[in-house]
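Heads up: the sequence shown begins at 1 in the UniProt record's numbering, then just goes up one per residue. The beta carbon of each residue, even a glycine, is placed where N, CA and C say it ideally should be. Note that the structure is a prediction, hence the values are computed from the model and not measured.
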Amino acid sequence: MAAIPAAPPVAVVQSPQDKRHYKRLTLENGLDVLLIHDPEMAGALEGRSDDGVEEDGYESDDEGDGEEDDEMEEDEDVGEEDEDEPRGAAAKPGKAVKKAAAALAVGVGSFSDPDDVQGLSHYLEHMLFMGSEGFPDENEYDSYLTSHGGSANAFTEMEFTNYHFDVKPEALRGALERFSQFFIAPLCKADALEREVNAVDNEFTGAHVLGTCVQQEDHSRLAQLRAHTARQGHIYRKFSWGNRKSLVDMPKAKGVDVRKELLRYYKGEYSAERMALAVLGAQPLPELEAWARELFAAVPSGAGPRPAFPLAGPPYEGGRLHLLPAVREGHELAATFVFPSLEKEYRAKAEDYISHFVGHEGAGSLLSTLKARGWATAVCAGVHDSGLERNSAAFVFEVAITLTEAGLAAAPGAGLAAIGLLFEYVALLRAAGPQRWAYDEMAAIAAMKFRFAEEEDACDYVARLAADMPHYAPEHALNGSFLHDDWRPELVAQMLDSLTPAAVRLDLQTSAFERLRAEWAAQPGAQASTEPWFNIPYVAAPVPGELLDTWAAAGGSSTSGLALPQHNEFIATDFSLRCGELAEGTSADANGAGHTNGGAANGGVKAAAGVQPLAAPPALLADRPGLRLWHKLDTTFRLPRASVHFLLASPATYDSAHAAAATHAAVALLEDVLCETAYLAEVAGLSYEVWPEGRTGVEVRVEGFSHKLGLLTRTIFERLASLPAQVEPERFGRVREVLVRKYRNANMAPAKHAAYLRLRCLKATWPVEAVLAALEALTLDALRAHLERLLARVHVEALVQGNLCADEARALAHAVRGALPGAPLLSSERPVEEVAALPDGSALLLRAPAKNPEEDNSVAEVYLQLGPDALETRKVFRALAQVAGEPAYDTLRTKEQLGYSVHASVRLTHGMLGFAVVVVSGVHGPAHLDARVDAFLGGYEAALAALEPDALERHRAALIAAKLQKDRGLADEASRHWEQIASRRYNFAAREEEVALLRTLALPQLLAAMKYNFIILNLVYAARSTIWDAGIQAGV
């Protein structure tokens, strides 16, 4: 075929703060390319050590990923590795490092699956990783990336498939050579088909480490029911996940040769003019362009433009309700409306305008009114980014309402009273007409977010750009999703007119399904059936005509308290930087960050002699009874942003199950009281979070644009101080209902349940069941009494970091402490977390059924306690986890086929080190999994002893590189500093000290640790706990 005329390069619009260089071009075969040169990456590459060592593996940075809900693990994550996480790259000591990355989006996805082989697009995505003519080894691509500090992933959407990787900058060329072959000459060998169909099937049926299987995820179940109940013949009627039945059994029964169909699909659909490639590297743009032209010129073309479906029509029939069961306790009612595709109207963002009003949470909003009636706790509105909601056929606008029991029951039942208020609000919007001032606010906020965006993860960045490129004009590759520069009031009015009762599809996903099923199945025209892939029972019924008429008659003047939102006082207008105002006694470090010179001024900062932190530590500005303030003025990222953290330490936070319940309730009530105000701040680019931090107290984090961050922070603490007076019985009852539901839904994912049970063995924590009982018994008077006790004596530990000078930090911290009425709590009186030290020779075996009675998956978690945390010990076991992680995965998952998820990691539980192996399986019970883990640990010594020196060096380099991973932005750096402050370790050079120790790592150290802890002690049972969490196929 003749070459496609290449389009001339296009200048890409970018933020003034973005220092990278971009070039957009089209290759002769039609492949669309965006090249990105990162000068900072190039500078680091020029200073890179020439020792020739290649690295693999990834380890999460420093200790801790933050406190999560009670159903989550509360110990800190040291060296935990996930197969989808990026992997580290090497650097010289003291040099922050970045990664190169590339992504290619192919403009074809699950909408194009043949009816006889559903899930084929997803299957093909897996098969392209299994070798090519140029690199026939199935493991070549992954092995190259792993050995060069990288990772790879892919995902299949409805209209595109996205492949992406990251890697050391100097290894980008080799990675692109292997990557390009995916789209030129993949092998798709017959003997690989069976293995990969197992992988696809496991994605559908198997649980992952922190979640449950797709079949037991409520959002996936609803998505599939919508697909199943779409109009006959519509492209939405797909089973996009694919499993063994759809990819093997059914095609075989119909005489379909799946490999031939796979190759036919690849050759017919994977064409260069349907592809978009984004490459981010350290190399200059001319060099990146030469690589792209050389390596991707051979990608075949000729299939024509990417498939599009503008004539598919609406996928759903309006005026109907679908009732289906929820796995988790609760009631979610979703109203969906279908707009014609708005892909070409991306500059107008008319759908976002409507989302802004309908999903608003301020005074007079739909949510505010629903809360006032006690009917709902959350409203989420908009066109989501998934391929089922945003595509060439349609934009599906959804209003999801989280109902209370009262909201579910309110006449006429099934949550439909809330839908009446929705249509009343839509009528109000129609009558008011499109509001230019609101659009202008949205445009200003979007422009501000684009201009001052923090840097994304490299792999995420290129994957997003490659997916966006086909949908925006070439010059808008970066800012297309932010643009609001085409005010179209007539389009807004037209879309509002289409939000009618006759057009709405309703889906009620509820744990009250059995109670409601008979009632709705008896409605005229109702159909009761079962979705075949997920085996979901459901009822589809017309909404009664008289109810549709009532909704349609809603007028433009509300008598329900509904009103349009007011102007947003949290929109920042001052973007000046404070970084020229370095405090006395500070200087700039090698990375441009101000730091205070060492000594007493740092108030207890610990660091080994001669070790300098990669990023300068915060300085101690205040240390008095009741307040300890740390501060760091940002001069590294140079954005008008700040990140502030507070710990309110109180001995009353968690000293009984009642206290734990009341503290959780107080936090939830504070969030509810703040909702109308905090939502405005969130829209304007600010965010906050409040959570109980176990026994140590309550944490508050506020982040975003520095201009109005102080206003939000002061508001939070003022509302906290006055909370007892603001909590009326209705609010208390509604919030308590949400919390009770949350605790009843705790630990539904098997691996989370196992982790929770392990922590119950190790630390002084109140059982979920006890806290749940206390919540159910909690009264408003008891809550008020607890709040008074909670705030009676408080110590505030604070970090203010970013675009706030020392005086602003002091003023903010003093305002926070001044808002709290209690007396100071002495530092020596602050509560601490306690962890059990398991004696050598002890062995705990805890068996439990899975929390979800329908859960197929079982878990075995084997945990060996190693003793109190020490950097030398941590070094050795980090290395063991790094070296043994891949063999454990290969042995237990790939060879023995135990299950979908195998995970080995070091755990740091409030100062106590441990080593854990977790296996999740849908085919084996926990006893078998436990035995196979023991067998692996007992037999790994010989493999470890045979480890080649260069292999050990690669693992060591990978660990070092991960520790030196560059912070992506201010929030990352502040979180690392806060971890040291909140834990009271105050060692801001911890990662650099660990790097220094890692350089002394030797194989005999690993062998000694392996032999003593995993073999000798394990024979008589080490200080060990084993958790069995059994699904329905296994029992306990």
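Alpha-carbon spacing of residue i relative to residue j, whole angstroms
i	j	result
TYR986	ALA879	24 Å
HIS707	PRO136	56 Å
LEU787	ALA662	8 Å
ILE981	PHE717	20 Å
ALA668	LEU739	8 Å
PHE877	PHE337	54 Å
GLN523	PRO489	40 Å
residue 1039	LEU844	Residue 1039 is absent from the model: the chain starts at 1 and stops at 1036.
GLU194	GLY134	23 Å
ILE445	GLY939	58 Å
LEU370	SER386	27 Å
ALA751	VAL920	7 Å
ALA540	HIS322	4 Å
GLN527	GLU398	23 Å
ARG226	GLY318	13 Å
VAL299	ALA961	34 Å
GLY316	ASP930	First, the residue type needs correcting, since residue 316 is Tyr and not Gly in the sequence shown. Going by the C-alpha atoms only, they are around 48 Å apart.
ALA290	SER180	14 Å
ASP38	TYR22	9 Å
SER240	ALA152	22 Å
CYS213	GLU203	7 Å
ALA811	VAL796	14 Å
GLU71	ASN857	Residue placement at GLU71 is flagged as unreliable, the pLDDT there being 36, under the threshold of 50; the coordinate-derived value follows with that caveat. One C-alpha to the other measures close to 18 Å.
ALA350	VAL492	6 Å
LEU757	ALA297	55 Å
ALA649	ARG793	9 Å
PRO251	GLN14	48 Å
LEU647	PRO565	33 Å
Among the options, nearest to residue i - alpha-carbon criterion
i	options	result
LYS168	GLN882, ALA102, LEU825 and ALA227	ALA102
ARG741	SER511, ARG793, HIS484 and GLU317	SER511
LEU790	GLY822, GLY802, GLU776 and ALA809	GLY822
PHE575	LEU778, LEU720, GLY802 and PRO315	GLY802
VAL200	ARG221, ARG244, ASP218 and ALA971	ARG244
ALA850	TYR472, GLU693, GLN216 and GLY420	GLN216
LEU311	ASN391, GLU405 and THR635	ASN391
LEU772	HIS658, CYS213 and VAL379	HIS658
ARG830	TYR425, GLU896 and ARG984	ARG984
ARG293	ALA303, MET469, VAL279 and ARG306	VAL279
ALA447	ALA884, TYR688 and GLY480	GLY480
LEU970	LEU388, PHE705, ALA418 and ILE401	PHE705
TYR688	GLU730, HIS645 and PRO307	HIS645
ALA884	LEU866, VAL933, ALA836 and PRO868	VAL933
ALA572	PRO314, GLY555, LEU285 and ALA684	ALA684
SER905	LEU403, GLN882, PHE450 and ALA372	GLN882
For residue i, the residue or residues it bridges with in DSSP
i	result
TRP691	GLU699
HIS322	ASP507 and ALA540
ASN153	HIS164
residue 1076	Outside the shown range of the chain, which is 1 to 1036, sits residue 1076, and nothing can be said about it.
ALA394	PRO340
TRP1028	ARG847 and ALA860
GLY545	GLY545 is not bridged to any residue.
residue 1037	Because the chain in this structure spans residues 1 to 1036, residue 1037 falls outside the shown range and cannot be described.
Burial state of residue i, where buried means 16 or more other Cβ atoms lie within 10 Å
i	result
PRO1004	exposed
VAL832	exposed
LEU826	exposed
GLU273	buried
LYS875	buried
ASN29	buried
PRO501	buried
residue 1037	Here the chain has residues from 1 to 1036 only, and residue 1037 is not among them.
Original post:
Hey, which unbroken runs of the alpha helix (DSSP H) at 4 residues or more fall wholly within the stretch 737-810?
Top reply: Inside the stretch 737-810, DSSP marks whole alpha helix (DSSP H) runs of 4 or more residues at positions 750-762, 768-777 and 780-790, from first to last along the chain.
Original post:
In chain order, which continuous runs of the beta strand (DSSP E) of length 3 or greater are located wholly inside the stretch 851-935?
Top reply: With a minimum length of 3 residues, the continuous beta strand (DSSP E) runs that stay inside the stretch 851-935 are 858-868, 901-909 and 912-921.
**OP:** Pick out the complete alpha helix (DSSP H) segments inside the stretch 173-228, 4 residues or longer, and give them in chain order.
**Re:** The DSSP assignment places 190-205 and 218-228 as complete runs of the alpha helix (DSSP H) inside the stretch 173-228, in order along the chain (cut-off: 4 residues).
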